[in-house]
Structures are given as C-alpha cells and as structure tokens.
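**Q**
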Amino acid sequence: MQDKDFRAYVQELVEQGYTILPPLLSDDECDEACRELDRLYLLRERGGLELIFNKATVFERLYRIEPLLRIVRHFLGADALLSAMHGSVLQPGEGKGGLHADGVITGHNRPTSMATADAGQRLTSHVLGLNTIWCLSEFTSMNGATQLTPGSHQHAGPDIPADAAERAIIAEAPRGSVIVFNVNTWHGPSENQTTQPRYAVLNPWRRHWTRCEYEMAEVVDAGVLERAGEERLIFGLDAEAPYVERWQWDRKTGAPTPDYAAGLEPRMRDRG
201 MQDKDFRAYV QELVEQGYTI LPPLLSDDEC DEACRELDRL YLLRERGGLE
251 LIFNKATVFE RLYRIEPLLR IVRHFLGADA LLSAMHGSVL QPGEGKGGLH
301 ADGVITGHNR PTSMATADAG QRLTSHVLGL NTIWCLSEFT SMNGATQLTP
351 GSHQHAGPDI PADAAERAII AEAPRGSVIV FNVNTWHGPS ENQTTQPRYA
401 VLNPWRRHWT RCEYEMAEVV DAGVLERAGE ERLIFGLDAE APYVERWQWD
451 RKTGAPTPDY AAGLEPRMRD RG
C-alpha cells in the first residue's frame, strides 16, 4: 500500500466512519475459504462458524496481511488485539435486519458500563475498535452486502440516529476486498435477494486495554500460535497475565516461566 493510498483510507475512516480496501485475497484464496465455510456452516449450531482461525489454515492469513494491519494499528496501537473471527454465510432471503452499533456486549456501549457521569454520551473522540469484513463473495446491492450510515460514528448518543436508516448506503465491494469501519458506525446486513449464499469473514479488532469478545489467549490453538510468529501478539500473549505474579510470566515471550509452567496443564505449557 502506497503512502498516499494509506492516507486516503485513513481520512475516509476518520470522516465517514468506514473505508473499503481493494482486494487483498486472490480468487483461489476466496474459493478455499468459501469451501471451508460451507463445511463449517453445517456445524453452526455447535459454534462451527466461531473462532474459525482454529478450524482451517486459510483463515490464519486474514490477520497477517500488512495493508490491513497498518490501518488497524494506526487507529488502535501497535498492540491491537484480534477480538474474534466469525464466518458469515448469508443464505438467500436472509438479512434485512436493522442497524446497530457494536460494543453493547463487551465494549464501551454496554448499557451497564455507561456511568451516570457519562450523561448518556458514548465515547466518540477516539477509535476504540474497528470491525473488518472480508468479502469472500462480491458484495452487491442484491446479495446481502453490509449497510453503513456514513458519519454515524460521531453520533454521541447510544440510541440510533433518527435518520440513520435513510442515510445508510450499501457497501458494494469486490471479491477479496475488506470493509473496515469504526465500531461506533451504525451498520447491518441488507437482504440477500439472489439465489446464492453470500460469504464473508468478520474480524473485529480492539485496543489492548479494552475487553474483547473472547479471551483469545485461552482459546487459540497452539499450532495457530506457532504459525503466527511475531503476530502472536494480536492474541494478547505479549503481556503478563493479570492473574499471575511477575515470576510466573515471561513478558518477552508471552508465555509462562519454566518454573511456573511445570505446574500448568499441557495446553498452557505449549505456549512457550
């Protein structure tokens, strides 16, 4: 990504609350990912479409692509965390849901986390999280592409802006591209009016000091961590675990110290 393009994407995110990066996945990679999502879709009632980086190696590439990481870390810091990875298979006739903003479950828009002193105002001065949607299918106005309301990330109140639905646009995007938007941006799926499923992968990212959807360090497989190399920090393994003493955790390696590891279950020992 050239610097001028990077600046343009950043500016659009700042002003509109979203941007669309050009294709970063090949057709072959999209085909492989769609095949895996078809397989996992059959297991969806048992969580088959959750944490899919553990379930097929093709999905591991999605958090190692430099142009996207550059955008993510520009807004969320060098220690930004991957919060989840969900597969999305929108079948014909599905979608057409309402608009929503994220952060109501674990984030800053969670009703019980909004203090009286907040006076009903959510945090909009800084980007606390970004959502990314990998378009494994071409996103069109007919197949359930995501709707976004430009500028709604600056809406201070927790309730939907009065004109959000009227101002919403459909984020049409080519196959292999990635839609990036502020967690405060109001968004939702449109209806899939075609005869084919619409495929995507949803990757939310958060600041290191906020709460993620999953405790990634507890759920990521050891093999995935090993293949991640230096990018293992996106799973939160670069810091001392909050529930151990300093002698028990090696901050540099993001793993238990040898003495402490001796008393841990094998899954934790394998992280060293």
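Under our numbering, the first residue of the sequence shown is numbered 201, with each subsequent residue one higher.
Backbone N, C-alpha and C fix where the C-beta goes; we use that ideal spot for every residue, glycine too.
Computed from a prediction, not measured in an experiment: that's the story for all the values here.
With a floor of 3 residues, list each beta strand (DSSP E) that falls wholly inside the segment 293-348, ordered by position along the chain.
**A** Those beta strand (DSSP E) runs which fall completely within the segment 293-348 and span 3+ residues are 329-335, 346-348.
**Q** For Thr-281, which of Glu-250, Leu-328, Pro-456 has the nearest alpha-carbon?
**A** Counting from 1 along the sequence shown, the entry for residue 281 is found at position 81. A small correction: the amino acid at residue 281 is Leu; Thr does not occupy that position in the sequence shown. With distances taken between Cα atoms, Leu-281 lies closest to Leu-328.
**Q** Can you say whether Glu-440 is buried or exposed, counting buried as having 16 or more other CB atoms within 10 angstroms of its CB?
**A** Residue numbering aside, residue 440 sits at position 240 when the sequence shown is read from its first letter. The pLDDT assigned to Glu-440 is 46, lower than 50, so where the model puts this residue is not dependable; a value taken from the coordinates is nonetheless given after this. Its Cβ having fewer than 16 others within 10 Å, Glu-440 is exposed.
**Q** Three or more beta-carbon pairs under 8 Å between the segment 310-317 and the segment 364-372, yes or no?
**A** Touching, no.
**Q** Taking the beta strand (DSSP E) that His-387 belongs to, which residues open and close that run?
**A** On the sequence shown, residue 387 is found 187 positions in, with the first residue counted as 1. It spans 387-389 - the beta strand (DSSP E) in which His-387 sits, taken as one unbroken run.
**Q** Quick check on the burial criterion: 16 or more other C-beta atoms within 10 angstroms. Buried or exposed for Arg-244?
**A** Numbered from its first residue, the sequence shown carries residue 244 at position 44. So Arg-244 counts as exposed.
**Q** Using a Cβ-Cβ cutoff of less than 7 Å, which residues in the same chain neighbour His-408 once the five nearest sequence positions on both sides are dropped?
**A** Locating residue 408 in the sequence shown gives position 208, counting from the first residue. If we look at His-408 and ignore the five residues flanking it on each side, its Cβ neighbours are Gly-277, Asp-279, Ala-280, Leu-281.
**Q** Would you give the residue range spanned by the alpha helix (DSSP H) that Phe-275 belongs to?
**A** Along the sequence shown, read from residue 1 onward, the residue named residue 275 stands at position 75. Its alpha helix (DSSP H) spans residues 266-276.
**Q** Tyr-218 and Ala-371: beta carbons closer than 8 Å?
**A** The count along the sequence shown starts at 1 and reaches residue 218 at position 18. The count along the sequence shown starts at 1 and reaches residue 371 at position 171. Yes, the pair counts as a contact, with Cβ atoms nearer than the cut-off.
**Q** Per DSSP, Tyr-218 is paired with what?
**A** Mapped onto the sequence shown, residue 218 falls at position 18. Bridge partners of Tyr-218: Phe-381.
**Q** So, for Pro-222: in the same chain, excluding its five sequence neighbours on each side, which residues have a beta-carbon less than 7 Å away from its beta-carbon?
**A** Along the sequence shown, one-based indexing puts residue 222 at 22. Cβ within range, chain order: Ser-377.
**Q** In chain order, what residues of the same chain lie with their CB nearer than 6 Å to the CB of Cys-412, ignoring the 5 residues before and after it?
**A** Translated into positions along the sequence shown, residue 412 becomes position 212. Excluding sequence neighbours, Cys-412 sits near Leu-281, Ser-283, Arg-406.
**Q** The beta strand (DSSP E) spanning Ala-400 covers which residue range?
**A** Walking along the sequence shown from the start, residue 400 turns up at place 200. Looking at the DSSP string, the run of the beta strand (DSSP E) that includes Ala-400 is 398-406.
**Q** On the criterion of 16 or more Cβ atoms from any shown chain inside 10 Å, does Asp-238 qualify as buried, or is it exposed?
**A** For this step, residue 238 is matched to residue 38 along the sequence shown. Classification for Asp-238: exposed.
**Q** If I'm right that Gln-393 touches Ala-356 with Cβ under 8 Å, what's the distance once you round it to whole angstroms?
**A** The residue labelled residue 393 in the question sits at position 193 within the sequence shown. The residue labelled residue 356 in the question sits at position 156 within the sequence shown. The Cβ separation is near 35 Å, so there is no contact.
**Q** On the criterion of 16 or more Cβ atoms from any shown chain inside 10 Å, does Arg-467 qualify as buried, or is it exposed?
**A** The residue you call residue 467 lines up with position 267 of the sequence shown. Reliability fails at Arg-467, whose pLDDT of 47 lies under 50, so the model's placement of it is uncertain and the value that follows must be treated cautiously. Flag for Arg-467 reads exposed.
**Q** Leaving aside the five residues before and after Val-380 along the sequence, list all residues of the same chain whose C-beta is less than 7 Å from its C-beta, in chain order.
**A** Locating residue 380 in the sequence shown gives position 180, where the first residue counts as 1. Counting only Cβ-Cβ distances below 7 Å, and skipping sequence neighbours, we find Leu-213, Tyr-218, Thr-219, Leu-221, Ile-271, Leu-330, Thr-332.
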